[in-house]
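Please read the structure below before turning to the comments.
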Amino acid sequence: MNFNEYPIESLMYITNRPEIVFTHGKGSWLYDNNGKRYLDFIQGWAVNSLGHCNDGMIEALNTQAKLLLNPSPAFYNEPMARLAGLLTQHSCFDKVFFANSGAEANEGAIKLARKWGKKFKDGAFEIITFDHSFHGRTLATMSASGKPGWDTIYAPQVPGFPKADLNDIASVEKLINAKTVAVMLEPIQGEGGVIPATREFMQQLRALTKKHNLLLIVDEVQSGCGRAGTLFAYELSDIEPDIMTLGKGIGGGVPLAALLAKADVAVFEAGDQGGTYNGNPLMTAVGYSVISQLTAPGFLEGVRARGDYLRAKLLELSEERGFKGERGEGLLRALLLGKDIGNQIVEKARDMQPDGLLLNAARPNLLRFMPALNVTNEEIDQMMAMLRSILDTL
Ligand SMILES: *Cc1c(COP(=O)(O)O)cnc(C)c1O
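In this note's numbering, the protein residues as written are 3 to 396.
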């Protein structure tokens, strides 16, 4: 790669990245510096809920850019208020605080729970989280996460996050003591390999947390905003959590996240929480466009239909190749390969000619699919055909 044109060596190393520079995208397709195109089933890591360069989002961004970028979080602005209203209207929550990343929204949820514990539960601060969970990359959210190895990378950890096992209510009950203030989980573990919490487990958790006067926090950074086929994944279990965090899909590709809470849990006092860019009108205007499109009549029904279609195609492939089936909700799905060939498939798919395919192996033995929520059945067919041709070469 030409250093003068693309000085990639100037970027700090954080992970192995292919020597490609992406230049533009539209819908489900992404283009690189050589003009090669890729069918994108990663979509910025389940971020571009409406695909690349969605017209409504571009319009919102351009319109807002000419009006107001940032009056400071110490003042109200119009898009911030409108988006908050849209989110409370379409959820069980009453209050919204905007943030810039999923990790920051989760930090806010942790702070809010600890504040509530201080006020109403004699200083209780422990938040029960789960093995294989992922809540972000700040020190507190890494400590809350159950990712193997994360307890030692930046030791010492932030204390107060005992780990239970997903879908095992006894493992949660065992950890409850006088210091416990909340239980926090992803309704569908995303980075852990697309593992849904069962409806039964979510209902048991809600009953258990009510019984012990604990808060139930759902991290819907990945599962929320239409990804699971409902606007929020907690709806699938017919429960109402006390706190929810959103990220990824809410911005459709721009940095936006949110912390939502029931009125009686929203106990921040002046100065407790804030941030320079929080609720800035440029990003919340884009978020308003995204949530408006997701809640337009028929859109979520379409996500469920396309999710069912993808599920059927993956099951068919699994039968045909002797894989271990599939799992997930809506358009967050995983194909269980039964052997550690995920990363090999990902690389071959990307390097395919003439068109590439972008897939993710959240774990070595599975492939994760997180296409745009407006992906078409034809694009799903195209992806399946490309995947088959790669499997043929293995
Ligand atoms: C991606 C993710 C986060 C972190 O969000 P960032 O915007 O990367 O900070 C937190 N929780 C879940 C469930 C996620 O998938």
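Heads up, the beta-carbon is just placed ideally off N, CA and C, and yes, glycines get one too.
Proximity to residue 40 [Cα-Cα], best of 81, 297, 191, 23:
Of 81, 297, 191, 23, the residue nearest in Cα terms is 23.
State yes or no: is the C-beta of residue 139 nearer than 7 Å to some heavy atom of ligand 2?
Of the ligands this structure carries, namely ligand 1, none is ligand 2.
Nearest candidate by alpha-carbon position, reference residue 388, set 157, 362, 363, 354:
Between residue 388 and the set 157, 362, 363, 354, the nearest pair of CA atoms involves 354.
Which stretch, first to last residue, makes up the beta strand (DSSP E) that contains residue 364?
Per DSSP, residue 364 belongs to the beta strand (DSSP E) from 362-365.
With a CB to CB cut of under 7 Å and the five nearest residues on each side skipped, what residues in its chain are close to residue 386?
So the qualifying residues of the chain are 315, 319.
Three CB pairs or more closer than 8 Å across the region 230-237 and the region 321-332
Yes: the two stretches touch, three or more of their Cβ pairs being nearer than 8 Å.
Evaluate the contact criterion for the region 77-96 versus the region 54-61: three or more CB pairs, one atom per stretch, below 8 Å.
At 8 Å Cβ cutoff, the stretches do not touch.
When you compare only the Cα positions, how much space is there between residue 137 and residue 89?
Taking the straight line from one Cα to the other gives about 21 Å.
In DSSP terms, what residue 182 is bridged to
According to DSSP, residue 182 bridges with 128.
Pull up the CB-CB distance for residue 249 and residue 223, whole angstroms please, since I reckon it's below 8 Å.
Indeed they touch by this definition, with Cβ atoms about 4 Å apart.
Kindly provide the ranges of any beta strand (DSSP E) runs that are 3 or more residues long and lie completely inside the region 216-250, ordered along the chain.
With a minimum length of 3 residues, the continuous beta strand (DSSP E) runs that stay inside the region 216-250 are 217-221, 245-248.
Collapsed DSSP secondary structure at residue 198 in the structure displayed
Residue 198 sits in a strand when the DSSP states are folded into three classes.
Looking at residue 288 and ligand 1, is the gap between the Cβ and the nearest heavy atom below 7 Å?
Not one heavy atom of ligand 1 sits closer than 7 Å to the Cβ of residue 288.
Which parts of the region 52-97 are runs of the alpha helix (DSSP H), unbroken and 4 residues or longer, counting only runs that do not cross its ends?
List check, alpha helix (DSSP H) in window: 57-67, 80-91.
Determine the contact status of residue 260 and residue 49, defining contact as a CB-CB distance below 8 Å.
Against a cut-off of 8 Å, the Cβ pair of residue 49 and residue 260 comes out as no contact.
Beta carbon of residue 246, beta carbon of residue 262: below 8 Å?
Yes, the Cβ-Cβ distance between residue 246 and residue 262 is below 8 Å.
For the beta strand (DSSP E) that residue 371 lies in, which residues bound it at each end?
DSSP places residue 371 in the uninterrupted beta strand (DSSP E) bounded by 368-371.
Residue 331 lies in the beta strand (DSSP E); which residues open and close that run?
That run of the beta strand (DSSP E) goes 328-331.
Under 7 Å from any heavy atom of ligand 1, does the C-beta of residue 355 make it?
It does not: the Cβ of residue 355 is nowhere closer than 7 Å to a heavy atom of ligand 1.
Stretch-stretch touch, CB-based, cutoff 8 Å, three pairs: the region 162-174 with the region 203-216
Yes, the region 162-174 is in contact with the region 203-216.
Based on Cα-Cα distance, which residue from 35, 235, 348, 109 lies nearest to residue 44?
The shortest C-alpha to C-alpha distance from residue 44 to any of 35, 235, 348, 109 is the one to 348.
Inter-residue spacing [alpha-carbon to alpha-carbon] between residue 398 and residue 20:
Given a span of 3 to 396 for the chain in the structure shown, any question on residue 398 remains unanswerable.
With a floor of 4 residues, list each alpha helix (DSSP H) that falls wholly inside the region 296-363, ordered by position along the chain.
The region 296-363 is shown to contain whole alpha helix (DSSP H) runs of 4 or more residues at 301-323, 344-353, in chain order.
By the DSSP assignment, the alpha helix (DSSP H) with residue 121 in it spans what residues?
That run of the alpha helix (DSSP H) goes 104-122.
At what residues does the beta strand (DSSP E) containing residue 443 begin and finish?
Lying outside 3 to 396, the shown extent of the chain, residue 443 is not represented and no answer is given.
Would you report the Cα separation of residue 152 and residue 68, rounded to the nearest angstrom?
Residue 68 has its alpha-carbon roughly 43 Å from the corresponding atom of residue 152.
Three-way DSSP call (helix, strand, coil) for residue 49 in this model:
It is coil, neither helix nor strand.
Chain-order list of residues whose beta-carbon lies under 7 Å from that of residue 305 (same chain, five-residue window excluded):
228, 231, 332, 333, 375.
Ligand 1 and residue 398: does the residue's C-beta get closer than 7 Å to at least one heavy atom of that ligand?
For residue 398 there is no data in the structure shown, the boundaries of the chain being 3 and 396.
Of the residues 335, 373, 213, 244, which one's Cα is nearest the Cα of residue 195?
That would be 335, whose Cα lies nearest to the Cα of residue 195.
Among 3, 94, 30, which one has its Cα closest to the Cα of residue 220?
It is 94.
Among 291, 134, 119, which one has its Cα closest to the Cα of residue 127?
Per the Cα distances, 119.
Residue 187 and residue 131 closer than 8 Å at C-beta
Result yes, Cβ atoms of residue 187 and residue 131 sit closer than 8 Å.
Distance CB(residue 63)-CB(residue 292) smaller than 8 Å:
No, Cβ-Cβ distance for residue 63 and residue 292 is not below 8 Å.
Using a Cβ-Cβ cut-off of 6 Å (strictly less than) and excluding sequence neighbours within five positions of residue 144, which residues of its own chain qualify?
The beta carbon of residue 144 sits closer than 6 Å to the beta carbons of 152 from its chain, once the five residues preceding and following it are set aside; these are given in chain order.
Residue burial classification, residue 106 (beta-carbon count within 10 angstroms, cutoff 16)
Only buried fits residue 106, as 16 or more other CB atoms lie within 10 angstroms of its CB.
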